[in-house]
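Report on the following structure.
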Amino acid sequence: MDKTISKKSLVNVLGVVYAHTKTSDGGDLYLTRFAEPYENHFEIENWHEKNWFDEHKIRLKGTSSVYRVPTKQVSGKSLDLVVKNCRVGEDVPLDTHTLEEFCDAEFNSPWEEFSLVTEMRENQYGPREMRVNTQRPMAIYVPPEKMQLWQSGRSREKINRIRAKHPGIDLDILKQYKLIYEWIKGSNLIEVFEHIELDNTELISHLKKINYKVLGDLNKKGYLVADMKPDHIIISDDDTGRIEEIGLTRDINAPEKQVEFLYQLLNEGRYSVIDYELLSRTPDHEEEVKSSRRHSYLDDQKNRFVPTPLPAHLSYREIFGVPYILGRAESTGGNLWVVGKNAHLFDYFLPERWRKTPSIKLSYTKEVFYTITKDNIHLVWKTSRVGEMHGVEEDESRYEKIRQFGINSPFEEFAIALELNRLEIPSVYVRAIYMTGSKKIEASTDIRRYESHKNILDPEGNSILQENHNYITIRGYYNGPDKWVAEHSDALYTPVDLSRAPYRGLINESECRGLLERVKERLKNAGYDGSLLKANDLLLAIDDKDNIIKNSSGEPEVIICNFELIWKLDR
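If you count by the numbering used here, then the sequence shown holds residues 74 to 644, one letter each, in order.
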């Protein structure tokens, strides 16, 4: 049996389709469409076997670990590969000038890097007659071993900052990702100028000029590279040979002719750019992509319960009456359940789209955060407290009821939220549930939910609720009903925590208490115990003129945003 392809499945991450396989050493290999015809070359034994790799690798210049290595002969053919370790999570070692211009630069994740390179190769943005050539992205290899933090090269302080900002989110900081590109035959700009006799002043002047010219070309195509250098610009072997031939003539003007020919090549786009770990879109391009994806998202969200064809890497499941599209979050090894039957929505909730975007904490006591995703979607995510018991409430009377019923699982919360909306009890829109890939450190003190969910399985035969993993619930940032929001790009509603409404002068304390009690009463009449709800579990919506949105009875519309302590009375 083939040593690598024991089981091959297609996965789609950020618009790039991969053939995912388990390798013979227990790792994971993701082959792009460029690598699939050569899948046997990517067996671990054919390129990454220790003796072969150590003997044949050539370290390339740069600040990261990048190697050129040939594969072994397979069917009479060997491939030249470039293998580099992904530096996501590490500090960016930029010079002062670059740091000032790109102060927020961060290394791309492997999935983001391949997605951007693939997008650039497809030539859909900017002047169509222009093209920036790149290496072909071939594969992502994730070895089975986990590194020690000191081996990873990732800053403990930076990781701690990210963890403090995003508690409960799996960063996979101890996983190593190897990006594999096809080698481009050619010489970098520094090597090309070795064939041209120039003094240092002229050389530096041309290198700077060409560097800015390539940056300008990238900018026209909608891209930025924070660390563009002359040795990231490649001229083909044939064209380098032509430059060398001109220099071998006895013509006194040969250096000028060589430089002239080089600029002609550059103006014709006969060069390639390598090294994409700091590749990003220009602000205008990013805004266009975000706007397009946001509009597509709103349309898909409006039709989230309309079935779409399912790609091979996703599946459909109904849990407690709620339909989900579910699949793996390949970047973290976690699982993702997206509410609805519309498979187009899955990618929007992958953790790399929202886990590292700037966020605002919405609660003093709970891990609840508001963020705008990389797709310009406003979301609220919260670390689930399922399985917790001790210390969840200081009030003994509240604790007794929690002890009796327990904290709802994310799947129960979502079922309650959808049912309440069906009963016309306004509730925020629940979007997705994410199970982290990393193991949970703290032990659960209430295992009842894990017991009650143990026979509800995912496609791989595992329980959907696993005691050794954390769960994140993702809901919409309430700015109006979905159908209404999809038709409006401005003047959206703004949610206000009911407990803060009196401080903003929207209502007084007495009205605040009255609205809270009316919500509890409505829940009780609908067959739910919401007696532990607090004012900060509810929202008011205000319009762009700071007016409270009213319901059909003329009273303030109150929206429930926390479902972990709402229980069905007949339970």
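Backbone N, C-alpha and C define an ideal beta-carbon position, used for all residues, glycine too. In this text the structure is predicted, and so the values were computed from the model without any measurement.
Between the C-alpha atoms of Glu56 and Pro217, what's the straight-line distance to the nearest angstrom? Since the first residue shown for the chain is 74 and the last is 644, residue 56 is missing from the structure and cannot be characterised.
Selection from Val190, Trp125, Ala599 that minimises the alpha carbon distance to Met211: Val190
Between the C-alpha atoms of Lys81 and Ile307, what's the straight-line distance to the nearest angstrom? 35 Å
Helix, strand or coil for Ser353 per DSSP? strand
With 16 as the cutoff for other CB atoms within 10 Å, does Met193 come out buried or exposed? buried
Asp101 in three-state terms, based on DSSP: strand
Does DSSP classify Phe393 as helix, strand or coil? coil
Whole-angstrom C-beta distance between Leu571 and Cys585, which should lie under 8 Å: 6 Å
7 Å CB neighbourhood of Glu173 in its chain, flanking five on each side removed: In this predicted model, Glu173 has a pLDDT of only 49, less than 50, meaning its place in the structure is not dependable; the value taken from the coordinates is given anyway. Answer for Glu173: no residue qualifies.
Examine the Cβ distances between the segment 299-313 and the segment 342-352 and report whether three or more of them are shorter than 8 Å. yes
Quick one, are the C-beta atoms of Asn284 and Thr355 less than 8 Å apart? no
Could you have a look at Thr169 and say whether DSSP puts it in helix, strand or coil? Residue confidence is low: Thr169 scores 45 on pLDDT, short of 50, so the model does not pin down where it sits. Its coordinate-derived value is still stated next. Looking at Thr169 - three-state DSSP - the assignment turns out to be helix.
Please check the pair Gln331 and Ile269, which I expect to be a contact at CB under 8 Å, by giving their CB distance rounded to whole angstroms. 5 Å
Suppose you measure from the CA of Tyr35 to the CA of Gly88; what does that come to, to the nearest Å? The structure shown does not extend to residue 35, since the chain is modelled only from 74 through 644, so no value can be given for it.
Reduced DSSP category for Leu271 - H, G, I as helix; E, B as strand; rest coil: coil
Distance CB(Lys402)-CB(Leu423) smaller than 8 Å: The identity of residue 402 in the sequence shown is Ala, whereas the question assumes Lys. In this structure, Leu423 lies closer than 8 Å to Ala402 by Cβ.
Below 8 Å on the Cβ atoms is my guess for Leu613 versus Val631; work out the distance and round it to an integer in Å. 7 Å
Which term fits Ile433, buried or exposed, when burial requires 16 or more other beta carbons within 10 angstroms of its beta carbon? exposed
In this structure, does DSSP put Gln224 in helix, strand or coil? Any answer about Gln224 is weak, because its pLDDT of 46 lies below 50 and its placement is not dependable; what the coordinates show is given next. Reduced to three states, the DSSP call for Gln224 is helix.
When the Cα of Phe478 is compared with those of Glu202, Tyr254, Ile639, Ser151, which residue comes out closest? Ile639
Using beta carbons (cut-off 8 Å, strictly below), is Leu452 in contact with chain D? Here chain D cannot be found, since the structure has a single protein chain.
Within a Cβ cutoff of 7 Å, which residues of the same chain sit near Gly314, ignoring the five residues on either side of it in sequence? none
Using DSSP's beta-bridge definition, name the partner residues of Pro143. Asp153
Are the beta-carbon atoms belonging to Leu611 and Val592 less than 8 Å from one another? yes
Only counting the same chain, and skipping five residues up and downstream in sequence, which positions put a Cβ closer than 8 Å to that of Lys238? Confidence at Lys238 is low in this model, with a pLDDT of 48, below 50, so its placement is unreliable and the value that follows should be read with caution. Result list for Lys238: Ser432, in chain order.
Comparing alpha-carbon positions, which option in His368, Arg522, Glu350, Ser517 lies nearest Asn449? His368
Is it right to say Thr518 is buried, meaning 16 or more other beta carbons lie within 10 angstroms of its own, or is it exposed? exposed
Taking Phe484 and Ile392 to be in contact with their CB atoms under 8 Å, please state how far apart those CB atoms are, rounded to whole angstroms. 5 Å
May I ask you to report which of helix, strand or coil DSSP gives Met211? strand
Just confirm the distance between the C-beta atoms of His129 and Pro110, as a whole number of angstroms; I'd bet it's less than 8 Å. Not really, about 22 Å apart at Cβ, beyond 8 Å.
Is Val147 closer than 8 Å to Tyr254 when the C-beta atoms are compared? no
Our contact map puts Ile633 next to Thr567 with C-beta atoms below 8 Å; I'd like the distance itself, whole angstroms only. The Cβ separation is near 17 Å, so there is no contact.
Is Lys282 buried or exposed, if buried means 16 or more other CB atoms sit within 10 Å of its CB? exposed
Between the C-alpha atoms of Tyr296 and Trp184, what's the straight-line distance to the nearest angstrom? 17 Å
Buried or exposed (CB count within 10 angstroms, at least 16 for buried), Val441: buried
In the DSSP assignment, the alpha helix (DSSP H) including Asn376 goes from what residue to what residue? Here Asn376 belongs to no alpha helix (DSSP H), and DSSP marks it neither H nor E.
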